[in-house]
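Enquirer:
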Amino acid sequence: MLIKNNKAHSPFDFVIRNNRLLKSKRSQVTIFIILAIVIVASIGVFFAFRTGLFQTSVPQELEPVYNYYLSCVENEMMNGVFILEQQAGYIETPEFSPGTDYMPFSSHLDFLGLGVPYWYYVSGNGISNEQIPSEAKMQEQLNDYVEERVNLCDFSQFEQQGFEVEVGKSNVDSSIKGSSVSVNVEQNLNINYGDVSWRGTSHSVSADSNLGKFYDLAKKIYKKNKEDMFLENYGVDILRLYAPVDGSEIGCSPKIWSVDNVRAGLINALEANIPAIKVQGDYYNLRSPDDKYFVQDIGRDVDVNVNFMYLAEFPMKMEVWPSEDGVLMAEPIGLQEGMGMLGFCYVPYHFVYDFAYPVMIQLYSGSEMFQFPVVVLIDKNNPREALDAQGLPDVIPELCEKKNTELTVSTYNTKLNPIEANIKFKCFDTVCDIGKTLVKGGDAVLSANFPQCVNGYVLASAEGYKTEKHLISTINPGNAMIVLDKKYKLDLEIRKAGGSLAKDYAVVTFNKEGEIKTVAYPEMNEIELTEGQYEIKVYVYSDSNINLRGSSTHKCVDIPKTGVLGIFGMTEEKCFDLEVPDQIISFAVSGGGTQNYYIAESELENSNKLIINTESFTKPTKIEDLQINYNNVDTRGLDIVFE
761 MLIKNNKAHS PFDFVIRNNR LLKSKRSQVT IFIILAIVIV ASIGVFFAFR
811 TGLFQTSVPQ ELEPVYNYYL SCVENEMMNG VFILEQQAGY IETPEFSPGT
861 DYMPFSSHLD FLGLGVPYWY YVSGNGISNE QIPSEAKMQE QLNDYVEERV
911 NLCDFSQFEQ QGFEVEVGKS NVDSSIKGSS VSVNVEQNLN INYGDVSWRG
961 TSHSVSADSN LGKFYDLAKK IYKKNKEDMF LENYGVDILR LYAPVDGSEI
1011 GCSPKIWSVD NVRAGLINAL EANIPAIKVQ GDYYNLRSPD DKYFVQDIGR
1061 DVDVNVNFMY LAEFPMKMEV WPSEDGVLMA EPIGLQEGMG MLGFCYVPYH
1111 FVYDFAYPVM IQLYSGSEMF QFPVVVLIDK NNPREALDAQ GLPDVIPELC
1161 EKKNTELTVS TYNTKLNPIE ANIKFKCFDT VCDIGKTLVK GGDAVLSANF
1211 PQCVNGYVLA SAEGYKTEKH LISTINPGNA MIVLDKKYKL DLEIRKAGGS
1261 LAKDYAVVTF NKEGEIKTVA YPEMNEIELT EGQYEIKVYV YSDSNINLRG
1311 SSTHKCVDIP KTGVLGIFGM TEEKCFDLEV PDQIISFAVS GGGTQNYYIA
1361 ESELENSNKL IINTESFTKP TKIEDLQINY NNVDTRGLDI VFE
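No gaps in the numbering here: position 598 of the sequence shown is 1358 in the working numbering, and each next residue is one more.
1) Sorted by chain position, which residues of the same chain lie with C-beta nearer than 6 Å to Phe915's C-beta, five sequence neighbours on each side aside?
2) Going residue by residue through the segment 911-989, where are the continuous beta strand (DSSP E) segments of at least 3 residues, counting only ones entirely within it?
3) Apply the 10 Å Cβ neighbour rule to Glu992 and answer buried if 16 or more other Cβ atoms are within range, or exposed otherwise.
4) Note down the Cα distance separating Ile1254 from Asn1177, rounded to an integer number of angstroms.
5) Assuming Val1218 is part of the beta strand (DSSP E), what are its boundary residues?
6) Once DSSP output is grouped into helix, strand and coil, what is the label at Val1178?
7) For Val1112 and Val1080, what's the separation of their Cα atoms in angstroms?
8) In chain order, what residues of the same chain have a beta carbon less than 6 Å from the beta carbon of Thr1168, not counting five sequence neighbours either side?
9) Grab me the residues of Tyr1265's own chain with a C-beta within less than 6 Å of its C-beta, minus the 5 sequence neighbours each way, in chain order.
10) Does the segment 1038-1052 come within contact of the segment 835-855, defined as at least 3 CB pairs closer than 8 Å?
11) Excluding sequence positions up to five away, which residues of its chain have a Cβ less than 6 Å from the Cβ of Asn1389?
12) Using the Cα positions of Ile1232 and Glu907, report the straight-line distance between them to the nearest angstrom.
13) Tell me whether His1110 is buried or exposed, calling it buried when 16 or more other Cβ atoms sit within 10 Å of its Cβ.
14) Decide yes or no for the touch test of the segment 978-990 against the segment 1051-1061: beta carbon pairs closer than 8 Å, at least 3 of them.
15) Between which two residues does the beta strand (DSSP E) holding Asp1076 run?
16) How many angstroms separate the CA atom of Thr1354 from the CA atom of Ile887?
17) Quick one: grab the DSSP three-state call for Arg1144.
18) Grouping DSSP H, G and I as helix and E and B as strand, with all else coil, what is Ala1029?
19) Can you find the residues in the same chain that come closer than 6 Å, C-beta to C-beta, to Lys1229, ignoring five residues on each side of it along the sequence?
20) What span of residues does the beta strand (DSSP E) with Ser894 cover, start to end?
21) Taking 9 Å as the threshold (C-beta atoms), are Leu1252 and Val1267 in contact?
22) Between the alpha carbons of Gln815 and Gly849, how many angstroms are there, rounded?
23) Please report the residue range of the beta strand (DSSP E) in which His1129 lies.
24) Report all residues from its chain with a CB closer than 8 Å to the CB of Ile1029; omit the five preceding and five following residues, and keep chain order.
25) Mind the definition here: the segment 952-959 touches the segment 935-942 only if three or more C-beta pairs lie below 8 Å; say whether that holds.
26) Could you tell me the alpha carbon to alpha carbon distance between Ile1359 and Val1243, rounded to whole angstroms?
27) Go through its chain and collect everything with a Cβ distance to Ser964's Cβ below 8 Å, but skip five positions before and after it.
28) Apart from the five residues just before and just after Phe990, which ones in its own chain have a Cβ nearer than 6 Å to its Cβ?
29) Just checking my contact of Tyr729 with Lys1272 at CB under 8 Å: how many whole Å lie between their CB atoms?
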């Protein structure tokens, strides 16, 4: 017998049934929503690919345009790499600081008309400075260089064929590796031709380059010298071998040297001996065990050529004590009263030198070369102490915290119109931020407190204008009016004998009061100038095939023996071999000239192009011709035309 269950359902049973029903309906709705999203996304992707929005491969019809764009990016990248290698890892070089009579080294070494920043130098006021670019800094400058120039890629030849090319703003990220350099350009690029279109936003280019490898080796060589001072130690040896430092000679008459002759002898000795320095590797052969004297071990064998160079044209500091009117003199001993017991005379001498000179260090392989200069400093006959180059935290210098002299600064352009400018104050090697001049009542003025300093500089900088400095002493309140020169960008064209350079290329330098701008033409065909007096120098290079035969020289010098024997003039012979390998000069100077020219602001303001016409020289076929052509560059003039 079945018994029916007539028990009534509770309200909780009703709620549970409804919750289950709602969950079921929600699950069905969720499925429909997902399906709708998938369908809409599929339709969007279909049309995006159809219009080229996400298209990864370039249509065949548009490949010539895109390939040109990539080649333009690559060319600008390699131009930037070339400048980095030639200018010690800089495209935008550090602010130029001139030398003085006390210390003739500026912040840049003038190397064949190119201003190459020193990695180590001593400033005009005797302050040791390092300016070694980091790899991140090199990449940042390469980014800026490519980013600025990639927007100048010329698509006119394709536009004449019916292509439509649109480019947006660019953002460049570069990478410098051991044997390659690459850039990634984030830039909207739209290419259309008839019914075919394509759009790209990210473009990558890479090329073989030893920039990263050279830079790493350069830092190792620099670090080795910083730790061991091997360049300074060689300098001390050269000084003692080729100049009177310590010694004695048998005789009863004074010993006299001309300071000018000593200087000339040291210059010749540096030119002959500095190239003999080697870094341990496989790019040279030692002719005798004694040649190991010139070899430095940086912790690894190098597989590229490393060249150390000193040229007579480089600045050199040589001071010697005691000297009088350009003469070094040593008095004999033995003639004085009470010295008769010696029975003979001898002439002892001891001179103290401050001796400093640059060395250009070049690393090269094939046609690629990285170079950087350093100043070698010998202080009182001894190598300089290693520079403490540890990084300091970003703190406000003590001088900048003590601003207690009020100064009013006004800034104008050359037409005496007010120009707002950022103001800093430099006292010796300390630079303090002060503020900004603001236009008030027809003048751009800043009244602020400055640190006290004798012969400091007020620095004024503004966008589009050359940074100017004003010498002033801030012991007492005062005023400073600073006029800023406007910078003008012009197209640059170099001609030889009235015609284009064809396959030739030129190196042009614009020297204004020690500030040097260098242009490698035709890769660089723009120049930014301000009003002023310039020395313009042009070297035009053409294909050549001059074979310079190598040479081997065996040199011996007499040096004083150590100990008591040296006092009595005993010497010993020291010999070494200097070997110079064969070299082939594939490019040689075939034209150029030098011109002093005052560029007026009216010429800059009313012109778009600067044309420089050079003379053409006889194409050199031997080393004597090459020397003549280099001399011609200094003696021949230039035609300067503004259009």
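C-beta atoms are modelled at their ideal positions from N, C-alpha and C, and glycine is treated no differently. Quantities reported herein were computed from a predicted structural model and do not represent experimental measurements.
Expert: Once the coordinates are examined:
1) Val925
2) 924-936, 940-953, 956-968
3) buried
4) 35 Å
5) 1216-1221
6) According to the sequence shown, residue 1178 is Pro rather than Val. Strand.
7) 5 Å
8) Ser1207, Asn1239
9) Tyr1301
10) no
11) Val1349, Phe1377, Pro1380
12) 39 Å
13) exposed
14) yes
15) Note on residue identity: the sequence assigns Met, not Asp, to residue 1076. Where Met1076 is concerned, there is no enclosing beta strand (DSSP E), given that its DSSP letter is neither H nor E.
16) 34 Å
17) coil
18) helix
19) Tyr1217, Leu1219
20) Segment: none, Ser894 is in no beta strand (DSSP E) and carries neither H nor E.
21) no
22) Reliability of the predicted coordinates at Gln815 is poor, the pLDDT of 45 falling under 50, and no value is obtained from them.
23) The question names His, but residue 1129 is Met in the sequence shown. Counting along the chain, the beta strand (DSSP E) containing Met1129 begins and ends at 1128-1139.
24) Reading off the sequence, residue 1029 comes out as Ala, not Ile. Ile998, Leu1001, Tyr1002.
25) no
26) 17 Å
27) Ser942, Val943, Asn944, Val945
28) Gln1056
29) The structure shown has nothing for residue 729, since the chain only spans 761 to 1403.
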